[in-house]
Amino acid sequence: MIPVVGICGASGSGKTTLLEKLLPELKARGLKVGVLKHHGHGGPIETPAEWQGKDSQRLAQAGSTRVGLSHAGGVWLEASGLAGAGPRARAARRLAGMGRVIGAGGKRAALPQIAGVAPGRAPVRHPTACAGVPRGGATGGAVAQAGGVWREAAGLAGAGPRALAARLMAGMDLVIAEGFKSAAIPKIEVVAPEREPVLPSGGKLLALARRGGQGTEAGLPVVDADDPVALADFLLEAVKPVTPPPEPAKLYLDGQELPMNAFVSTILSGMLRGFVSSLKGTGEAEKIEVRLG
Numbered sequence: 654m655i656p657v658v659g660i661c662g663a664s665g666s667g668k669t670t671l672l673e674k675l676l677p678e679l680k681a682r683g684l685k686v687g688v689l690k691h692h693g694h695g696g697p698i699e700t701p702a703e704w705q706g707k708d709s710q711r712l713a714q715a716g717s718t719r720v721g722l723s724h725a726g727g728v729w730l731e732a733s734g735l736a737g738a739g740p741r742a743r744a745a746r747r748l749a750g751m752g753r754v755i756g757a758g759g760k761r762a763a764l765p766q767i768a769g770v771a772p773g774r775a776p777v778r779h780p781t782a783c784a785g786v787p788r789g790g791a792t793g794g795a796v797a798q799a800g801g802v803w804r805e806a807a808g809l810a811g812a813g814p815r816a817l818a819a820r821l822m823a824g825m826d827l828v829i830a831e832g833f834k835s836a837a838i839p840k841i842e843v844v845a846p847e848r849e850p851v852l853p854s855g856g857k858l859l860a861l862a863r864r865g866g867q868g869t870e871a872g873l874p875v876v877d878a879d880d881p882v883a884l885a886d887f888l889l890e891a892v893k894p895v896t897p898p899p900e901p902a903k904l905y906l907d908g909q910e911l912p913m914n915a916f917v918s919t920i921l922s923g924m925l926r927g928f929v930s931s932l933k934g935t936g937e938a939e940k941i942e943v944r945l946g
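Residue numbers for the sequence shown follow the numbering used here, beginning at 654 and rising by one.
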C-alpha cells in the first residue's frame, strides 16, 4: 500500500508554499511523489484549462511526479511524464480498468479510426479519430496537451485520499494529500505566523509546521516550514515510503570528504548503482567502493 500523508491547515496558512519547498527535496532523495489536492470550492472543474496558474499547477512544476485535483465532479490527474506519448501508451498508463477506450483527435495515430465529416465537406484523406462521442456516458477520459496528460475520473467524486492514491497513484513511493483535513490519514498542520493551530480531527496529527518553528506546541513537535531538509527528514521518519531511497553517495579526495548537496549526491549514487547493477556477479551488494589513483 502506498503511504499517504496529509498537509493541512487553514486557508492562507502556506500549505502550497511549504510543498513547493518540500517536493524538490524529496525528489532529490530519489523519491517519486504524488500529490492529491482537494478543491473545495463548489462545482466541478470542467476542463484542465481551469488548472492553469493555480496551486495544483505550481505543485506539478515543483517536482511532483503526478498531481491529482479532487473536485465535485471527480478527479483531474496531471501526468507530465507522458507529454508527447501516443494514445496507446496513454491509455495503458492512465485508463487502466476501462473495457474500451475511444480517442478524439490524434488523427495520425496508428489506430483503427472512424472519420467524422461535416455536412457538405469532403473527408480528409488521412484517417481521423472518432468525433462526436458524448461525454456523459464516459467512465473516464484523458486529455492530451503539450504539458502532459490529464485524466478525468468522474467515478471517484467524493473519494478519500487513500482510495484516490490506490486508484491513481500506482508507482509512487509516497503520496501527499493537501487539504483533506478530516481524512483518516497521518498529517502535518501548517500554521500561519501569529495564528493558533486548528488541530483537525480524523487521522493522527504528527506535527505542526511554522515559519522558524521549533520545540513543541499543543503537545506536538514543531518543524520549521522554511527548512525543507528538516521537513523531509521528519516526514520520512514518520511515514516510511514504499521504496526507501538509497543511501547518498560520499566522495573523498585524499581522505577528505567533499561536501555535496542532496541532489548531486543522489545523482552520483544512482549512476554508480546503475552501472554496477549492469555487471555480472554483483549480486545484491549493499556497499560500493570506487578507488581512483
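Beta carbons: idealized from backbone N, C-alpha and C, even for Gly.
Membership of Arg815 in the alpha helix (DSSP H) is indicated by the continuous run Pro814 to Leu821.
For Val720, the enclosing beta strand (DSSP E) begins and ends at Arg719 to His724.
Judged by DSSP secondary structure, Val929 falls outside any beta strand (DSSP E) and instead within the alpha helix (DSSP H) spanning Ala915 to Ser930. DSSP, reduced to helix, strand and coil, places Val882 within a helical segment of the structure shown. Looking at the backbone, the Cα of Leu889 and that of Leu861 are separated by about 15 angstroms. Taking the Cα positions, Gly813 is about 8 angstroms away from Phe833. By the criterion of a C-beta distance shorter than 6 angstroms, Val828 is surrounded in its chain by Ile655, Val657, Gly687, Ala818 and Met822, once the five residues flanking it on both sides are discounted. Assignment of beta-bridge partners to Arg682 by DSSP yields no partner. In its chain, beyond the 5 residues on either side, Ser723, Gly832 and Phe833 have a beta carbon closer than 6 angstroms to the beta carbon of His691.
In this structure, DSSP gives Lys857 a state outside helix and strand, which the three-state scheme calls coil.
For Lys840, the enclosing beta strand (DSSP E) starts and ends at Lys840 to Val843. In the three-state reduction of the DSSP assignment, Pro874 falls in the strand class. In the structure shown, Leu906 adopts extended strand secondary structure according to DSSP, grouped into three states. The Cβ atoms of Gly683 and Gly923 lie closer than 8 angstroms to each other.
Taking a contact as a CB-CB distance under 8 angstroms, the pair Ala845 and Ala663 counts as one, their CB atoms being some 7 angstroms apart. With a contact defined as Cβ atoms closer than 8 angstroms, Lys685 and Thr718 qualify at about 5 angstroms. Of the candidates Pro853, Glu678 and Gly811, Pro853 places its Cα closest to the Cα of Lys840.
Under DSSP, Lys690 forms a beta bridge with Leu722 and Glu831.
Of Gly659, Ile941, Leu911 and Ser666, the smallest CA-CA separation from Arg848 is found for Ser666.
Excluding the 5 residues flanking it on each side, Pro901 has same chain C-beta neighbours closer than 7 angstroms at Ala915, Ser918, Thr919 and Ser922, in chain order.
Ala837 and Gly855 do touch by the CB rule: their CB atoms are close to 5 angstroms apart, below 8 angstroms. According to the DSSP assignment, Gly659 belongs to the beta strand (DSSP E) that extends over Val657 to Cys661.
For Leu852, the secondary structure class from DSSP, reduced to helix, strand or coil, is coil. Look at Glu731 here: in three-state DSSP terms it is strand.
Rounded to whole angstroms, the separation of the alpha carbons of Leu689 and Ala830 is 5 angstroms.
Linking Leu809 to Leu730 through their CA atoms gives a straight-line distance of about 11 angstroms. Taken atom to atom, the span from the alpha-carbon of Leu671 to that of Phe887 is near 14 angstroms. The beta-carbon separation of Gly866 and Asp877, rounded to 5 angstroms, stays under the 8 angstroms limit for a contact. With a beta-carbon spacing of about 6 angstroms, Val843 and Ile660 fall inside the 8 angstroms limit used to define contacts. When only Cα atoms are considered, Met825 and Leu679 end up about 12 angstroms apart.
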